[in-house]
Amino acid sequence: MARKKRRFSTFSLSFLDIMSCGFGAVALIFLIIKHGSDHDIETETQDLAAEVNLLQEEVEFGREHLVLARNTLDVTSDELAETQGLARRIIEQIEAVKGNIAQVDSSTEEQDIKRLQEKLKKLEEAKKNLEEENKKLGNNVRKFVGDGDRQYLTGLRLGGDRILILLDASASMLGDELIKVIRTRNMSSRVKRDTEKWRRAVSTVSWLTAQFPQDSQYQIYTFNTGFRAAIPGTEDRWLNVDDRDQLDKAMKELDKVVPDEGTSLERVFNAINGMSPLPDNIILITDGLPTQGMKKPRGTTISGKARRDLFRRAVKVLPKNVPVNVILAPMEGDPFAASEFWKLAMETQGSFLAPSRDWP
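360 is the number that the UniProt record's numbering gives the last residue of the sequence shown; the numbers go up by one with no jumps.
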């Protein structure tokens with residue numbers, strides 16, 4: 001049986017070739033497109049991985065600080081609770097105080113204020129009185145003052161702006177009796193300074209200075225045949241009473257003085273005229289009339305009448321209108337002394353005092 005030959009068709013072959021080429025082109029295009037997509041996906045995947053890593057690091061950092069934040073929050077919560085409790089207690093105290101204030105009677109407050117004002121006024125008046133009294137008495141502890149500057153206890157005029165003390169430092173100040181003076185005159189300086197009569201005289205000066213007004217000035221002269229200031233180098237100068245150190249120094253210098261030689265009132269009275277300004281109060285501490293004037297006497301003895309003449313001549317050189325207060329220490333053998341010094345005190349409107357052995 002003979003095979004039947006198939007007919008050759010050009011259209012069929014071309015069609016298959018075309019289809020094969022088409023499929024091949026499609027496959028090629030697909031491969032090209034797929035390769036590009038994988039590259040893009042890979043790049044995008046890498047970017048996303050980096051971002052994920054960054055986010056993970058931020059998460060870890062946040063977790064670490066979250067613990068710290070929680071601890072801080074706990075501390076803050078505790079402090080807040082404590083502060084709230086303290087505020088509550090303060091509010092309670094304020095309310096309690098307000099309640100107490102509300103309970104205070106306004107009339108009672110006014111009475112208390114008025115009573116305090118009256119007390120303050122009395123204290124101010126007492127202070128003023130003490131200040132005025134202190135000006136009059138200086139350091140004196142006595143509060144009872146007589147007329148003007150006189151004290152009932154002594155009768156001495158102790159006030160003044162410039163007070164001059166004249167202390168007799170002659171040999172007669174060594175004793176109350178002539179025989180004691182003669183015997184002590186030949187002893188050592190220490191024994192002379194420690195004699196009872198001289199120590200009384202120095203104590204008298206110490207007592208007087210304690211009575212001076214604090215705002216006044218003073219000077220202390222010791223005299224025998226000459227004179228000198230208690231503080232050497234301060235002659236013709238006034239010292240301030242309120243300078244306590246200087247006043248103490250003056251008293252220490254008096255402790256060094258040794259009574260010696262005779263008495264010249266005329267010489268020390270002349271020295272007063274050289275002071276500027278003049279004193280307004282003189283306190284004379286002596287035990288008798290002078291034994292010489294400006295010159296040394298020729299003989300070794302002098303009569304009572306001659307001593308009185310020397311005294312009256314000395315009085316003539318005294319500055320006018322200056323009171324002289326006399327403190328006359330006891331001494332035998334000088335009968336005119338008391339009367340002459342008493343007249344001097346009266347004529348100058350001063351005072352005269354003959355103290356006992358235990359004064360001051």
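No residue lacks a Cβ here, since even glycine has one placed at the ideal position from N, Cα and C.
Cβ-Cβ distances below 6 Å link V326 to L284, F341, A345 and F352 in the same chain, with the five nearest sequence neighbours on each side left out; the list follows chain order. One alpha carbon belongs to T234, the other to G226, and they sit about 16 Å apart. Contact between V324 and T348 holds: CB atoms are separated by about 5 Å, below the 8 Å threshold.
The residues R162, in chain order, have a CB closer than 7 Å to that of P277 in the same chain once the five nearest residues on each side in sequence are set aside.
Rounded to the nearest angstrom, the Cβ distance from G299 to S172 is 17 Å, too far for a contact under 8 Å. Runs of the beta strand (DSSP E) spanning 3 or more residues and lying entirely within the region 263-302 occur at 281-286, in chain order.
Residue pairing by DSSP puts I220 in a beta bridge opposite I165. A residue is called buried when at least 16 other Cβ atoms come within 10 angstroms of its Cβ; I94 does not meet this threshold and is exposed. Around the beta carbon of I182, fewer than 16 other beta carbons lie within 10 angstroms, which makes this residue exposed. Going by DSSP, I182 is part of no beta strand (DSSP E) but of the alpha helix (DSSP H) stretching over L178 to R185.
Out of V97, V202 and P290, the CA that lies nearest to the CA of R307 is found in P290. The shortest C-alpha to C-alpha distance from A271 to any of G85, K121 and L164 is the one to L164. Q214 sits close to D242, with the two beta carbons spaced by under 7 Å. Beta-bridge annotation (DSSP): V324 is paired with I282.
Looking at G304, Y221, A96 and E132, the one whose alpha-carbon comes closest to that of A337 is G304.
At the C-beta level, K192 and V258 come within 7 Å of one another.
The shortest C-alpha to C-alpha distance from K197 to any of N186, G175, D309 and E64 is the one to G175.
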